[in-house]
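Reading through the C-alpha cells given below for one structure.
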Amino acid sequence: MAGLSRKPKQTIKGERRVFKGKQNYSFPPEDVFPMLCPVREYEYIPRWECDIVYLDSGLAEQGGVFTTHSHGEGDQKDVWVISRYDTNRAIEFVRVNGMRSMVYRIELQGTETGGTVVSWEQVITGLTEEGNQHVQKLQQSDFTAMLSHMQELLQHYLTSGEAVNL
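In case it helps, my numbering puts the sequence shown at residues 13 to 178.
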C-alpha cells in the first residue's frame, strides 16, 4: 500500500522563547484561581480590555474564546483560547495573532500556610519574519516584571477588595 507523497512545507522556521516564573499569594488557590479569568481581570487590572467571543458560563472555562489588542506589536488583534481549565489547579491559554503564538501554562499549588504558589510558563513562537524579530527581543526579565506587577495588583485586590488606583 503506497502512501501519499505529499509532505508539509516549512516556509519559515519560527523563533521560540520559553519564560518561567512564580508568584506567591497569601490567599488559597480557591481565591486566586477564579481571578485568572478575562472577565474577573477587569476587577483588578487597570486598563485591561478584552472582547468576549465565547464563554458559555460568563466566566473562564474550557474552550472559552476572547480577543485583545497587542498595542506593542503593531496593534495586532490577539485571539485567546482557554485550552485547559482545571478548577483551582491549572489554566492554560493559547494566544495567537498574525506575528506570533503564545501558550501560557499556569499551575497553582496551595501552601502549608494557606497561601498559593502560582507557576507560570510562557512559550512564544514567531510565525513570520517580523514575528521572529519580535520574539528575539523578548527577555526573561520583562516576563518576570510582568508577573511581579500582576502579583502586586492581585494581592492588593484580594487583601482590600479594591483595585490599585494608578
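Cβ atoms here follow ideal geometry from the backbone N, Cα and C, with glycine treated the same way.
Simplified DSSP assignment, three categories, for residue i
{"i": "E55", "result": "helix"}
{"i": "F78", "result": "strand"}
{"i": "K149", "result": "helix"}
{"i": "G143", "result": "helix"}
{"i": "F39", "result": "coil"}
{"i": "Q22", "result": "coil"}
{"i": "V135", "result": "strand"}
{"i": "V44", "result": "helix"}
{"i": "D87", "result": "coil"}
{"i": "D63", "result": "strand"}
Rounded C-alpha distance that separates residue i from residue j
{"i": "S113", "j": "S172", "result": "35 Å"}
{"i": "K19", "j": "H83", "result": "37 Å"}
{"i": "T128", "j": "D98", "result": "15 Å"}
{"i": "L178", "j": "I57", "result": "10 Å"}
{"i": "A72", "j": "L48", "result": "8 Å"}
{"i": "I118", "j": "V176", "result": "23 Å"}
{"i": "E55", "j": "L120", "result": "20 Å"}
{"i": "D87", "j": "R29", "result": "21 Å"}
{"i": "C62", "j": "L16", "result": "44 Å"}
{"i": "E174", "j": "F31", "result": "30 Å"}
{"i": "G122", "j": "V130", "result": "9 Å"}
{"i": "L67", "j": "A102", "result": "18 Å"}
{"i": "Q151", "j": "N144", "result": "14 Å"}
{"i": "E42", "j": "A157", "result": "25 Å"}
{"i": "Y169", "j": "H81", "result": "24 Å"}
Of the listed residues the options, nearest to residue i (C-alpha basis)
{"i": "L166", "options": "T23, L139 and F39", "result": "F39"}
{"i": "F155", "options": "K34, S69, Q145 and Q22", "result": "K34"}
{"i": "Q163", "options": "V108, E53 and L67", "result": "E53"}
{"i": "T79", "options": "S69, V65, D87 and G70", "result": "V65"}
{"i": "L139", "options": "Q148, S131, W132 and E133", "result": "Q148"}
{"i": "I24", "options": "V108, E142, I103 and Q151", "result": "E142"}
{"i": "V106", "options": "K32, G70, K89 and V135", "result": "V135"}
{"i": "G26", "options": "G110, D43, S17 and K32", "result": "G110"}
{"i": "E133", "options": "G126, L159 and V108", "result": "L159"}
{"i": "T183", "options": "Y169, S153 and N36", "result": "Lying outside 13 to 178, the shown extent of the chain, residue 183 is not represented and no answer is given."}
{"i": "R96", "options": "F45, H146 and R59", "result": "F45"}
Supposed close pair residue i, residue j - CB separation, criterion 8 Å
{"i": "V115", "j": "W92", "result": "No, V115 and W92 are not in contact; Cβ-Cβ is about 11 Å, not under 8 Å."}
{"i": "V51", "j": "G75", "result": "Going by Cβ atoms, the distance from V51 to G75 rounds to 15 Å, so no, they are not a contact pair."}
beta-carbon residue i near the ligand NAD non-hydrogen atom, thresh 8 Å
{"i": "Q145", "result": "Ligands displayed in this structure: none; no statement on the ligand NAD is therefore possible."}
Please list the segments of the beta strand (DSSP E) lying wholly inside the stretch 96-131, counting only runs of 3 or more residues, in order along the chain.
102-108 and 112-122
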